[in-house]
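S.K.: Right, I'll just put the structure down here and ask away after.
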Amino acid sequence: MQLATPDIEIEQGEVFANDLLGRQLEIQSLAPLLLNVDAPLVMALDSPWGTGKTTFVRLLRAYLEEQGKQSLYFNAWETDYADDPLVALAATLDDYVEASVSDTVVTESWCKAKKYLPVLGKSVLKAGVKAATFGALDVEEEYEAVLAELAQGSISDLVDQFSVQQSAIDAFKESISKILATLTDNQKNLVIFIDELDRCRPTYAIETLERIKHIFDLEGIVFVLSVDAEQLCHSIKAVYGADFDARQYLKRFINLDYSLSRPEMPAYVNAMLINMGLQNAVDGRRNARQDLDTTAKSFIFLAEAFELNWREINLYLARLRLVFAQIPSNHHNDLPLLIPLLFVRDKNPQLYQRYVSDTGCADEVISYLDGILKPTQRFERRVVVMKGYLIAPNVDDYRDDQLVVDRLLAPYSDIPEDDPERAERAEVFRLLQRVVSGARDFGSIDIGVVSNWLELLGKISLADGTAENI
1 MQLATPDIEI EQGEVFANDL LGRQLEIQSL APLLLNVDAP LVMALDSPWG TGKTTFVRLL
61 RAYLEEQGKQ SLYFNAWETD YADDPLVALA ATLDDYVEAS VSDTVVTESW CKAKKYLPVL
121 GKSVLKAGVK AATFGALDVE EEYEAVLAEL AQGSISDLVD QFSVQQSAID AFKESISKIL
181 ATLTDNQKNL VIFIDELDRC RPTYAIETLE RIKHIFDLEG IVFVLSVDAE QLCHSIKAVY
241 GADFDARQYL KRFINLDYSL SRPEMPAYVN AMLINMGLQN AVDGRRNARQ DLDTTAKSFI
301 FLAEAFELNW REINLYLARL RLVFAQIPSN HHNDLPLLIP LLFVRDKNPQ LYQRYVSDTG
361 CADEVISYLD GILKPTQRFE RRVVVMKGYL IAPNVDDYRD DQLVVDRLLA PYSDIPEDDP
421 ERAERAEVFR LLQRVVSGAR DFGSIDIGVV SNWLELLGKI SLADGTAENI
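full-length UniProt numbering applies: residue 1 is where the sequence shown begins, and numbers increase by one.
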């Protein structure tokens, strides 16, 4: 079982075969907009961390390819070691030219334009050539002249320096325009996806936005920035100060904001559990106490009850994955007990410690969980099963403390004769009895073993991204 969630497998000819979050209609609606909108345009694909932005982009690119359309992908986070994002962006474009452009005039123009990168890569030129002569010479001669004077520091006229850099930008952009002209007649725009910009070091993220605005603002180019806008704002404030209006600043670079639809919680959790390999792990265990469907329902139920945000949901799923990775394949997984204890351990650590030291206080844990649930939820089957598993460790081959078990079951067995819900309450009690007695049938639940699996979490810090890429 993997700790890092694998990328979605996209099958040729069946782009959405593994689309567990149902993104197909959204992608099919967005693609024509990107291809046909008047460009230049920069769109922010905004969604919180861990909600599947990268997978959405991969599916969208595959769909475009299936329609015979070209697109580029640039992972900003993987290149933020570079001094200037322009060089990394140019490398992405260079790969595209090499693979997809056959016109020798265009490829030769691009080869010449790449030589301007040392000039374009300087935020302030320390040297340059007279703007009046720039462009009059062959590009190789211009390039050599600029580099020579950069090395010698022989030009000091700031106006000329600015003019030379602007002329170099114009020549570079003209070459890109020639590349765009090679797109097929039925493709108006080249879509360039910039992924994980919000995870970059702050200065690199800002420089990327500036390069897009000043170098790539060309007819026929649409940029899609896959970001968590809130996190990107934090990066901007890290450079310009906590009181800086980062949202307003982003409007300088972004023309459209597109909020990626939030996946439904059940679909999301089920997709994550399947992608983390938990299905195979559960199926392969002997006498598994509960299946993956029950695990998902229990997790979703508690995640909603504790009002977890998406980041917290991902971290809890990563913790569950880490716990499950420790469990031997021939051991019971005890998921109906692990799931509630995973939450209680984090939300109420003192109560958790009391319980693992003395499972006789299961009623306190049950009361705590009841306190966050709606009254109508407290007797739902999945909740009753969790309650039964919290009581069950009090029954084992070495310590059959029937008095403790009877005390814990008493609130459910003592049903007043005039209770209008007497029949339903009686069924709850019978289910609790079956769950608790089932612990003996399947083998006792060793709370010491279960708590050891959970305690490893206190020694490991999970990095952001461990539970990504659904």
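Ideal placement from N, C-alpha and C gives every residue a C-beta, glycine not left out.
(1) Using only alpha-carbon positions, find the residue among Ile179, Val383 and Asn394 that is nearest to Lys297.
(2) Short check: CB of Leu302 to CB of Ile339, under 8 angstroms?
(3) Between the beta-carbon of Arg345 and the beta-carbon of Leu456, is there less than 8 angstroms?
(4) Would you grab the beta carbon distance between Leu86 and Leu120 for me? Rounded to a whole angstrom, and I think it's under 8 angstroms.
(5) When the Cα of Gln70 is compared with those of Ile445, Thr54, Thr107 and Ala181, which residue comes out closest?
(6) What number of angstroms, rounded off, separates the C-alpha of Phe193 from the C-alpha of Phe299?
(7) Between which two residues does the beta strand (DSSP E) holding Leu218 run?
(8) Is there contact here, the stretch 18 to 32 with the stretch 197 to 217, by at least three beta-carbon pairs under 8 angstroms?
(9) Using three-state DSSP, classify Met379 as helix, strand or coil.
(10) Provide the residue span of the alpha helix (DSSP H) that contains Leu352, from first to last.
(11) Below 8 angstroms between beta carbons: does that hold for Gly52 and Pro263?
(12) For a test of the three-state rule: what should DSSP assign to Ile27, helix, strand or coil?
(13) Taking only runs that begin and end inside the stretch 387 to 441, name each unbroken alpha helix (DSSP H) of 4 or more residues, in chain order.
(14) For a test of the three-state rule: what should DSSP assign to Asn75, helix, strand or coil?
(15) Val15 by DSSP, collapsed to three states: which one?
(16) Considering only residues of the stretch 194 to 264, which uninterrupted beta strand (DSSP E) runs meet the minimum length of 3 residues and lie entirely inside it, listed in chain order?
(17) Going along the chain, which residues of its own chain have a beta-carbon closer than 7 angstroms to the beta-carbon of Arg211, five neighbours each way excluded?
(18) In whole angstroms, what separates the C-alpha of Leu351 from that of Phe379?
(19) Drop a sphere of 10 angstroms on the beta-carbon of Cys200, count the other beta-carbons inside from all chains shown, and report buried for 16 or more, exposed for fewer.
(20) State the CB to CB distance for the pair Leu41 and Tyr258, rounded to an integer number of angstroms; the pair is presumed to be in contact (CB under 8 angstroms).
(21) Excluding the 5 residues flanking Tyr249 on each side, which residues of the same chain have their C-beta closer than 8 angstroms to its C-beta?
M.R.: Per the coordinate set shown:
(1) Val383
(2) yes
(3) no
(4) 6 angstroms
(5) Ala181
(6) 34 angstroms
(7) It is not in any beta strand (DSSP E) - Leu218 carries neither H nor E in the DSSP assignment.
(8) no
(9) The sequence given here has Phe at residue 379, not Met. Of the three classes helix, strand and coil, the one that applies to Phe379 here is coil, per DSSP.
(10) In the sequence as displayed, the identity of residue 352 is Tyr instead of Leu. Taken as a continuous stretch (DSSP letters only), the alpha helix (DSSP H) holding Tyr352 covers Pro349 to Ser357.
(11) yes
(12) helix
(13) 402 to 413
(14) strand
(15) coil
(16) 221 to 227 and 256 to 259
(17) Pro85, Leu86 and Leu89
(18) 22 angstroms
(19) buried
(20) Going by Cβ atoms, the distance from Leu41 to Tyr258 rounds to 11 angstroms, so no, they are not a contact pair.
(21) Ile236 and Tyr240
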